[in-house]
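Residue numbers (the numbering used here), protein chains in the order written: chain A, 45 to 525; chain B, 45 to 525.
Glycine included, C-beta positions come from ideal geometry on N, C-alpha and C.
Before any comments, here is the structure.
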């Protein structure tokens with residue numbers, strides 16, 4: 045039966061992807077440093093074998109045999125996505141794929157060196173090459189939508205670059221105005237929580253939301269991330285910098301990614317539908333827990349209690365203020381919830397202009413400085429605090445940044461839709477209870493896996509398309525903190 | 045070039061094997077318990093893909109093209125082993141391979157249940173199936189040497205079952221006599237070292253022999269083992285049971301396995317020659333560090349110093365006595381150095397008889413009791429303390445046990461050969477210095493990788509074939525402790 049053969053191959057591809065995730069998690073969390081060269085070989089081999097099996101002629105044969113065959117609704121979706129993935133993967137010639145992979149490794153290394161030296165010129169040649177290769181990659185796919193659209197499709201199928209342009213235009217207009225209002229606020233004292241107290245508090249908070257040793261791990265890594273090796277093996281990481289509270293936000297952020305993958309309908313396990321559907325929906329899940337739970341006024345008492353039990357008593361109101369105060373900064377990853385999307389809008393504008401040839405790589409630092417001035421009112425003193433702060437372009441990821449801002453928008457839309465469906469969550473959050481939130485997300489978002497793309501999923505869950513108003517309503521109160 | 049194609053495929057198989065090792069290490073050391081089902085899928089997929097690529101027609105084509113081609117000495121060895129491995133792997137029909145894999149998983153589970161219940165009858169049906177399948181597997185290979193010989197070849201190519209029979213016969217005769225002499229000794233007090241002091245002492249001892257964070261990990265697992273993900277990523281595990289000293293021995297035992305893989309000639313990396321050559325040579329390396337270093341009278345002061353620094357002072361002489369005293373016991377893994385091989389001799393006799401059909405599975409417990417009485421003079425009070433103590437037969441491993449005893453013999457031969465070559469090690473060991481031992485092992489054993497099979501390697505390193513006398517000379521003094 046061709047459907048059985050197809051499903052067997054798709055299950056195998058899921059396993060290979062889990063192995064890749066395991067090898068990457070291990071590299072970032074457990075591997076001794078000198079293992080890096082060997083790990084590169086392992087990941088390279090895994091990528092080659094995966095590509096070979098994901099693009100093989102057999103899949104085309106099975107798909108052809110399945111045309112016109114009566115299938116269950118689930119199998120129809122499996123076949124639809126299998127065809128899309130197979131066709132997209134086959135459009136990229138193996139030589140280009142190999143060159144991309146090499147350029148991305150080189151680009152990340154050049155980026156590391158340039159950032160350490162605070163000198164964009166050390167990164168520029170690698171970025172030129174990455175831009176050229178991204179165009180070549182986009183050309184393989186593009187079907188009238190333009191090269192940038194093709195890149196975007198890799199991360200968020202169905203999201204249109206045009207739509208982003210108008211959405212981000214409106215968003216940045218509104219947010220820049222709110223930033224002006226916020227400029228009045230005085231300095232905010234961030235509780236200087238020692239690393240060990242953060243670790244204990246984070247462990248307690250994560251236990252509240254269901255993280256236990258039976259099917260989770262919580263580890264430390266240089267940059268927080270989440271890996272899922274299967275429905276019952278989820279691993280989040282965070283970092284505990286002495287004197288900060290970022291770990292409280294980042295651990296719930298990663299938890300949001302993790303919960304999404306864990307609550308996909310079990311019937312989709314080991315099929316091509318059994319994971320998150322897009323980068324922006326994934327980011328909406330992490331942002332929902334970071335912005336709408338961790339930064340909820342009603343939840344501040346819970347976080348404060350966990351910090352107090354960990355040996356660091358702090359008033360809930362003071363903690364909440366530190367979590368939501370609007371203070372424009374140069375660095376994306378430590379931005380407040382209101383200005384965060386402005387950092388993304390700038391990156392979107394600049395990567396679009398580079399890919400479309402309207403911005404030369406050499407002019408990037410100047411354009412960055414102009415953008416930060418325009419959007420946040422700040423001067424950029426150096427490349428390291430400017431266009432060298434993120435690794436993404438070094439690794440050849442163009443079309444990825446938008447999902448960070450779209451995720452913020454969708455999170456706010458989902459939160460409003462949830463409160464419309466099941467009522468305000470304040471009373472439960474005050475008690476640290478999140479079971480109803482988890483259930484609503486499972487029903488409305490998670491269970492679908494990849495069966496619905498970004499926009500249809502947002503429409504199904506909220507009753508409307510992408511909107512900026514819910515996010516604006518969410519951040520407006522923060523301007524007076 | 046067919047040699048290039050072959051070497052590319054062999055490198056890929058090395059990477060797949062490293063991935064398998066990573067996934068297994070992770071499962072035993074890091075994975076949350078409920079990840080087990082998912083991990084089974086990953087390992088199954090990896091095994092299928094590896095088998096497919098290790099047995100593909102292409103390899104046969106490249107080997108055929110290479111016949112009569114002028115090659116370097118290294119490439120000749122690569123081709124020789126590639127042909128052997130390919131032919132052996134292809135002799136097993138895929139259906140049988142799948143059935144074996146399923147039966148081994150079921151058998152281990154049945155063994156676990158039976159051992160917990162202390163009831164052999166719960167394990168017997170699975171063992172019957174494993175024996176039958178092992179025969180079928182052996183039939184695929186056997187070329188006049190008999191079925192057991194074919195099983196043995198998987199672990200120790202070139203070692204003859206006939207030779208083992210006579211070697212083990214002589215060995216057990218001599219050892220049983222020494223056991224009689226040892227029976228006079230009184231009770232030995234084992235230092236009751238708390239787990240945390242063991243952990244600190246083990247870390248200190250391992251640092252002395254070169255274990256550092258740059259390219260090693262030391263972790264805890266239920267059963268000690270070693271995994272190597274590449275030449276610069278070696279991971280040993282041990283366990284620290286309160287009140288014992290087994291971790292001092294087992295950590296150096298695992299270190300011996302690890303050092304072997306690390307000191308293979310770098311020119312063999314990512315070829316089919318770049319790993320240990322056989323189970324018995326591997327075990328000789330672990331036993332060399334366990335028996336001839338950790339149990340060396342001159343090294344006891346070093347171990348005692350590391351224990352003292354870890355907060356548990358113990359006289360070196362008392363520690364040494366506890367490490368070498370001969371006291372027959374029912375359990376293999378906690379056996380003293382003299383009686384250990386007798387546990388193996390019994391398992392060899394019994395598995396040979398089961399495979400050859402002279403011993404029915406139902407009669408195993410009685411035969412076990414008779415053997416322990418004959419070899420060690422002990423009564424077996426229960427199946428759990430008898431034939432249910434080891435997992436190996438549950439997992440379908442027949443022909444594996446002999447390597448444990450052969451490893452003891454080879455370790456003693458190598459130690460004598462080394463002292464003949466570079467002199468006694470007592471003075472260096474008293475100072476905790478092992479660099480000359482490491483170098484001699486690298487030159488005489490490790491660097492060859494798989495280029496030499498067990499017997500040629502022993503001959504090359506020691507000047508003679510397998511012998512029992514060096515081992516008897518090693519253990520004789522222990523009878524009077």
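With residue i as the anchor, note down where its beta strand (DSSP E) starts and where it stops.
i: residue 279 of chain B; result: 277 to 282
i: residue 260 of chain B; result: 260 to 264
i: residue 155 of chain B; result: Note, residue 155 of chain B: premise wrong, no beta strand (DSSP E); alpha helix (DSSP H) at 138 to 161.
i: residue 273 of chain A; result: 270 to 274
Just confirm the distance between the C-beta atoms of residue i and residue j, as a whole number of angstroms; I'd bet it's less than 8 Å.
i: residue 319 of chain B; j: residue 493 of chain B; result: 6 Å
i: residue 183 of chain B; j: residue 191 of chain B; result: 6 Å
i: residue 355 of chain A; j: residue 241 of chain A; result: 5 Å
i: residue 382 of chain B; j: residue 149 of chain B; result: About 36 Å; that fails the 8 Å criterion.
i: residue 22 of chain B; j: residue 447 of chain B; result: Any property of residue 22 of chain B remains undetermined from this structure, which presents chain B solely from 45 to 525.
i: residue 295 of chain B; j: residue 368 of chain B; result: Residue 295 of chain B to residue 368 of chain B, Cβ: 17 Å. No contact.
What's the gap between the Cα of residue i and the Cα of residue j?
i: residue 312 of chain A; j: residue 306 of chain A; result: 11 Å
i: residue 326 of chain B; j: residue 380 of chain B; result: 20 Å
i: residue 28 of chain B; j: residue 509 of chain B; result: Here chain B comprises residues numbered 45 to 525, so residue 28 of chain B is not present and cannot be evaluated.
i: residue 278 of chain B; j: residue 204 of chain A; result: 48 Å
i: residue 287 of chain B; j: residue 233 of chain B; result: 11 Å
i: residue 414 of chain A; j: residue 424 of chain A; result: 9 Å
i: residue 523 of chain A; j: residue 393 of chain A; result: 25 Å
i: residue 9 of chain B; j: residue 322 of chain B; result: Lying before the first or after the last residue shown, residue 9 of chain B is absent from chain B, which here runs from 45 to 525.
i: residue 290 of chain B; j: residue 244 of chain B; result: 14 Å
i: residue 390 of chain B; j: residue 268 of chain B; result: 23 Å
i: residue 216 of chain A; j: residue 400 of chain A; result: 21 Å
i: residue 222 of chain A; j: residue 481 of chain A; result: 29 Å
i: residue 468 of chain A; j: residue 388 of chain A; result: 30 Å
i: residue 513 of chain A; j: residue 329 of chain A; result: 18 Å
i: residue 308 of chain A; j: residue 501 of chain A; result: 13 Å
i: residue 92 of chain B; j: residue 519 of chain A; result: 52 Å
i: residue 548 of chain B; j: residue 57 of chain A; result: Coverage of chain B is limited to positions 45 through 525, which leaves residue 548 of chain B absent and any answer about it impossible.
i: residue 47 of chain B; j: residue 102 of chain B; result: 12 Å
i: residue 507 of chain B; j: residue 189 of chain B; result: 27 Å
i: residue 180 of chain A; j: residue 162 of chain A; result: 29 Å
i: residue 67 of chain B; j: residue 63 of chain A; result: 8 Å
i: residue 274 of chain B; j: residue 497 of chain B; result: 22 Å
i: residue 104 of chain A; j: residue 130 of chain A; result: 8 Å
i: residue 316 of chain A; j: residue 125 of chain A; result: 7 Å
i: residue 107 of chain A; j: residue 127 of chain A; result: 7 Å
i: residue 358 of chain A; j: residue 339 of chain A; result: 15 Å
i: residue 458 of chain A; j: residue 440 of chain A; result: 31 Å
i: residue 40 of chain A; j: residue 147 of chain A; result: Lying before the first or after the last residue shown, residue 40 of chain A is absent from chain A, which here runs from 45 to 525.
Go to residue i, then tell me how far its alpha helix (DSSP H) extends in each direction, as first and last residue.
i: residue 410 of chain B; result: 408 to 420
i: residue 370 of chain B; result: No alpha helix (DSSP H) holds residue 370 of chain B; DSSP gives it neither H nor E.
i: residue 311 of chain A; result: Residue 311 of chain A -> no alpha helix (DSSP H), and no H or E assigned at all.
i: residue 388 of chain B; result: 384 to 399
i: residue 174 of chain A; result: 168 to 185
i: residue 513 of chain B; result: 513 to 519
i: residue 378 of chain B; result: That residue, residue 378 of chain B, is in no alpha helix (DSSP H); it is neither H nor E in DSSP.
i: residue 324 of chain B; result: 323 to 331
i: residue 347 of chain A; result: 344 to 353
Problem - Segments assigned alpha helix (DSSP H), at least 4 residues, entirely inside the segment 59 to 128 of chain B - result: 80 to 98, 101 to 110
Practice task
Residues of the segment 267 to 278 of chain A with a CB closer than 9 Å to any CB of chain B: list them in chain order, please.
Solution key: 273, 274, 275, 276, 277, 278
Handout entry: Proximal residues, the segment 439 to 467 of chain A versus chain B, C-beta separation under 8 Å
Key = none
Exercise for the section: Report the residue ranges of all alpha helix (DSSP H) runs contained in full by the segment 414 to 500 of chain A; include only those spanning at least 4 residues, in chain order. Expected result: 446 to 466, 470 to 474, 479 to 488
Problem - 4 or more residues per run - each alpha helix (DSSP H) lying fully within the segment 200 to 262 of chain A - result: 205 to 226, 239 to 252
Problem - Selection of the segment 65 to 76 of chain B by Cβ proximity to chain A, strictly under 8 Å - result: 66, 67, 70, 74, 75, 76
Problem - Short-range partners of chain B found in the segment 233 to 261 of chain A, where Cβ spacing is below 9 Å - result: 256, 257, 258, 259, 260, 261
Problem - Near-chain A residues of the segment 90 to 117 of chain B - C-beta to any C-beta below 9 Å - result: 90, 92, 93, 97
Handout entry: Contact list for the segment 312 to 344 of chain A against chain B, Cβ threshold 8 Å
Key = 314
Exercise for the section: With 9 Å as the limit, tell me which residues of the segment 278 to 308 of chain A have their beta carbon closer than that to any beta carbon of chain B; keep them in chain order. Expected result: Taking 9 Å as the upper bound on Cβ-Cβ separation, chain B lies near residues 278, 279 of the segment 278 to 308 of chain A.
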